[in-house]
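Residue numbers (the numbering used here): 440 to 1523.
Beta carbons: idealized from backbone N, C-alpha and C, even for Gly.
To start, the structure itself, in structure tokens.
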Amino acid sequence: MPSRPADWPDLNPDQRAAVTASMDPQLVVAGPGTGKTRVLVCRAAHLIEHEAVTPSRLVLVTFTRRAAQQLTSRLAALVGPEAQHVRAGTIHHFCYKTLRAHSAPAGVPDDFIVVDDTVTDAFWQRWYEAHERWCEANDLHSYRQVKTHVSRIKLGIDTVSGRLTEGLRAYGEMLGDRGALDFDDLLVKTRDLLRSHPDVRADLVDETRAVLVDEFQDTDPVQFDIIRRLGEAGAHLYCVADDDQSVYRFRGARPANLRRYIDRFDCSAERGTRHVLTTNYRSNRSIYAVAEAVLDADERLKQRGDIRTSNAGTQPVQLVACDDPEAERTHVLRQLRDWLDDGAERSDLAVLTRWNRRLAALERACLRAGLACETSQSEALLDTPPAQKLHALLRVVDARRRGRPLDAPMTELLSHLLPDDTMARLRDFGERSMPDATLWTAFQTVVSNEQARRSAGLDSATDRLDQTYATITNLLQNTQEDGLTIGAFTRTALRQLGDPLQLLRRYADTLTDPASRPSVRQAGTVLDEWRRAQARDARAGDPPRLLLHHRTPQITRLWRQLVRRALDLETDPPAPLPEMQEALFARPADEGIPPLGADDVVLTNDLEALLRWAERTGAFSGSTDTPQILLLAPDGALPSGQKTLLGVDPENVHVVDPESTFHSPSVRLVKLLQMTSGPSAPEPLFPEYVMVDLEATSTDPRHCRVAEIGALKVRDGTVVDRFSELVQLPEDLTADERETLRTVCGLDPASDFDEARPEAAVWADFCAFVDGAPLVAHNGQRYDFRVLRRLANTHEADAHWATTYDLLPAAHELFPDLRRYDAAHLRETLLDDDADTAHRALADCEDQQRILARMQEERARRRRRLAHEPLLPLLVAALTYESPAPEALSDDAQVFLQVGHTWALRDASPAGDDLRSLLPRALPDRLRQHALYTLIDEEALLTASAGLQPGLARRLAALFAPYADRPLRSKALADLLAHLALWGEETTPQGEDVITLSTYHSAKGLEFERVVCMDVHDNAFPPYFARDPKERRESRRLLYVGMTRAERHLVLTYPKRERGYDRRPTAFLDAAPDELLQVTDAAP
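As structure tokens, this is what we get:
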């Protein structure tokens, strides 16, 4: 037996035997807490170091991407950087890579994509709605049940019949049009490839010397077949499983695969190819004994009593009867609070429920009680509206890149951008009036044609239709930009798609713009100059310093972290937090306190206390030039006794907010940082662009005759040139066209066009004027740009601009409450200009440029007002030390308090680690005991929990991070879509200092010191729909999985009455030892 390296983790005899087993096919039976991850990691290291398995020929198959990352991270600690070459991922990921490498023999497109649940759900939901009566008659009561049934058909578990045969055919055509595979296709195509192509199988085994499989009990028949064929072809198989934790039968998982594996590869203890890990290191004896008693003794690979626990604790498991579901939630909250008061960390606590619907009510109760929590539902990042819209848009972009039909992805995108009733009317119009056209074509027709819009019954939706069309075409035009990366495009798209990514956005119109306060604007200039000098001089080794001062050292430390993170001074990993002191440098000084000079800046709320500190430390004594002092207090008068000022120049003291608008030094600091980080002035839309407007004979862009072209060339926000030309009119103008020119355009066809030039000549001059610059227009995507493209196809002059930008989506985004968004209404509302003007092209361009300038001003204001939302928990913490009277807080401060508390409840702030180190207790608890909590609107907390989650922007950025720097128009986009489909959101950051609320299924693989299992009654275990013994046995296993998440404390609860029915404790607990299960009623 090879010796074990000293740096390997300790292994007990069972684990060691499993790790060092032979290269025959192996099976490791590992119950909860028995060290299966340790065994898997050490087995992989053993194969690399003692069996000469090259890391790139080692495959680790895990149930989730997160598990694969954990395994490779732990493997790297044993074998070093070689671990990065191990092929770790889910079985779907393995199949995806296999089909990519062997697309031709597999019979799949070489550029295939993987569609996720968003696409498949949409298809089967529409199919279910069209065949609901047939589905109900065949015991399929939702589209999800239809989808699951289809999956089981594709995996060979169920058979197809009736109308579903036609549904499967249409589904296959939809996937074929997209050049796509679904998750089941990945498995079936790989299985068929291995079965039908021995040469491919041999090549794959040559690349794959060993396959290690985690959670083998959760494999379905097709997955088993893939793994079996690899083993039969010569790959070493090493499978880790626990039949007691097989809980995914509804997905097709078959615990019987364990028996099939044992029989096929003759795994036995006698041959040294079947191992049982017999020591549980997680749960104490009473928890495990009660949990194991839940299981059916028949058909188990382990027998009751085989597993020993290293923790011999016998504190009884509690079974608590509650009057009803509300009383059950109340008891759970009381239990959580007791555990926290007992010194438990939030991250050590979990509550499990049987149903997703119960999670929502529990989450609301926790938030109302001030308990920071996170639910398994909140992890569904790809189900949030911004992610859904962006995901659909990326599928459209990728389909265009690959030359695939756009109808299906465009329809999906429209379904995310338009209300349901609008989509229904649009579909009806398409089916009635344009049966052979795609929905996208029907949509374009309704947008551009008033008669079609009226026929579709969408007259009242004109603004929404125009906005949606402009948004889509703006973004698709943007994809043509050279060098555009995926990250840059997604950032632009998230902004233009219009979904709020910040909680502060709902208060955007009421928050004070820091630039509106001259003192904040002036102080922001000082701080911005310091930041620029600091970045510039850091390379020379002598950057200016920034000192934070407050008489309360706890506030000084909070200010320091707030400034470091807001000004991007924080390092990675973060610098150690300093000890509590009255004054701290934003960047620590090398030794002591160096004298401060003219380039340095000090932030304080008490000038007199600062000067006394400076006198004690000599901080102002080394130079005749004293630092700039930003005083975060309304009283800027210098104290008496000028000799004590140590030469401080009063001109260098800048009082921030002398009007006391914000009532708090810490709030003033946040407003100052918003001013420093946000744009100080409106930023140009493009460095150079052309604002364009057309006057024509009708509003139909397909057939109108252009009468006038007006344009402005704008450089760095300033108009530098103008273009205005009338176009010679054709002789066959109709009476209606002449009337339109007179009444709408203010042009008389009889007299105004005497000097007009031919259209081709005007077009050539216009193209030369534009000279490739981006074109900008209001409602341009619906009208102006379509007319210009028509002219470009008609005339020889080269229209070589690549970018067009419609102002309409930005107007909706920045001013969502306007009644109308036509140019005249925008001019009247935004510019307060209702004067009648001639409706001429150049005059309209001038108006549009003024409107754009107003919009850019508003965008800059919003960026300042909304800056640094993720850091607001630091402000909330500082306010608890400042302890202002609640009634004294400004409106801005109250908003910051509410939003900061919401972030803290989710532990979503990047400053979460700072707060855990700086505060003696968790921020939500601290605030709840403070008088300021009276200002918290608990109903708003509940609204936030049901909609926009704090940290959404950061999680979305993390979701796309692996591909952010890759070119948008490249295969990297297809790789990103596969990444999102296969495992995307598992890699996004989550809260750490939170109580976990989860369903039993979602909790699998997790462990906590203390756990509450809810719904432990006879209608949930087994559930009312469990119809056969196999379903009941799986229900036993599910309860066992939930109970074995607990390490030291386990509480089981149930309502005695629910929905008008009496409930009893589940009969699964009947076999539990009486001395280890304490049955009580909940306290009233």
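Residue i and residue j look like a contact to me (Cβ under 8 Å); what is the Cβ gap, rounded to whole Å?
i, j, result
"L1071", "V1095", "5 Å"
"A561", "E1018", "At roughly 57 Å, the Cβ-Cβ gap does not stay under 8 Å, so A561 and E1018 are not in contact."
"R667", "R640", "The pair is not a contact, with the Cβ atoms about 12 Å apart (cut-off 8 Å)."
"A1195", "V1226", "Their Cβ separation, rounded to whole angstroms, is 17 Å, which puts A1195 and V1226 out of contact at 8 Å."
"A789", "A1442", "7 Å"
"D1454", "Y1493", "6 Å"
"A483", "L651", "6 Å"
"R984", "D1039", "5 Å"
Evaluate residue i with the Cβ neighbour count: other Cβ atoms within 10 Å of its Cβ, from every protein chain shown; 16 or more gives buried, anything less gives exposed.
i, result
"P1248", "buried"
"G615", "exposed"
"V1159", "exposed"
"E765", "exposed"
"E1378", "exposed"
"Q656", "buried"
"A1522", "exposed"
"R608", "exposed"
"D406", "Limits of the chain in this structure are 440 at one end and 1523 at the other, which puts residue 406 out of reach."
Helix, strand or coil: how does DSSP classify residue i here?
i, result
"A484", "helix"
"G1149", "strand"
"D1245", "strand"
"L625", "helix"
"Y1439", "coil"
"F655", "helix"
"T493", "coil"
"F1224", "helix"
"G528", "strand"
"I552", "strand"
"V1095", "coil"
"A799", "helix"
"T1170", "Looking at the sequence itself, residue 1170 is Glu, so the reference to Thr does not match. DSSP places E1170 in coil when its eight states are reduced to three."
Excluding the five sequence neighbours on either side, which residues of its own chain have a C-beta within less than 7 Å of the C-beta of residue i, listed in chain order?
i, result
"D1223", "V1131, D1132, L1133, A1216"
"L914", "L832, A932, Q935"
"S1116", "A1005, A1306, H1307"
Roughly how many whole angstroms lie between the Cα atoms of residue i and residue j?
i, j, result
"P637", "D449", "42 Å"
"A909", "S1437", "41 Å"
"T929", "D453", "50 Å"
"L385", "S1137", "Nothing can be reported for residue 385: it is not among the residues displayed for the chain, which extend from 440 to 1523."
"T1233", "R1003", "58 Å"
"Q509", "E802", "28 Å"
"A954", "L758", "59 Å"
"Q1337", "E1321", "17 Å"
"A1025", "V1092", "19 Å"
"E1164", "T1243", "21 Å"
"N696", "E654", "12 Å"
"R1367", "I1375", "9 Å"
"A1347", "H989", "27 Å"
"L1478", "R1502", "17 Å"
"P1359", "G782", "12 Å"
"P1126", "A543", "48 Å"
"L1516", "L625", "46 Å"
"T1505", "V458", "39 Å"
"G618", "A847", "11 Å"
"A728", "E1514", "11 Å"
"Y677", "V467", "8 Å"
Beta-carbon within less than 6 Å of residue i's beta-carbon, same chain only, minus the 5 sequence neighbours each way: which residues are those?
i, result
"P1349", "P1309"
"L1023", "L987, T995, R999, P1017"
"E605", "none"
Hey, is residue i's beta-carbon within less than 8 Å of any beta-carbon in chain D?
i, result
"E802", "Checking the listed chains, one finds no chain D in this structure; it contains a single protein chain."
Between residue i and the rest of its own chain, which residues show a CB-CB distance below 8 Å, the 5 nearest in sequence each way excluded?
i, result
"P1363", "G809, L810, A811, H1340, A1343, L1344"
"A1292", "P1121, G1156"
"P1169", "R1144"
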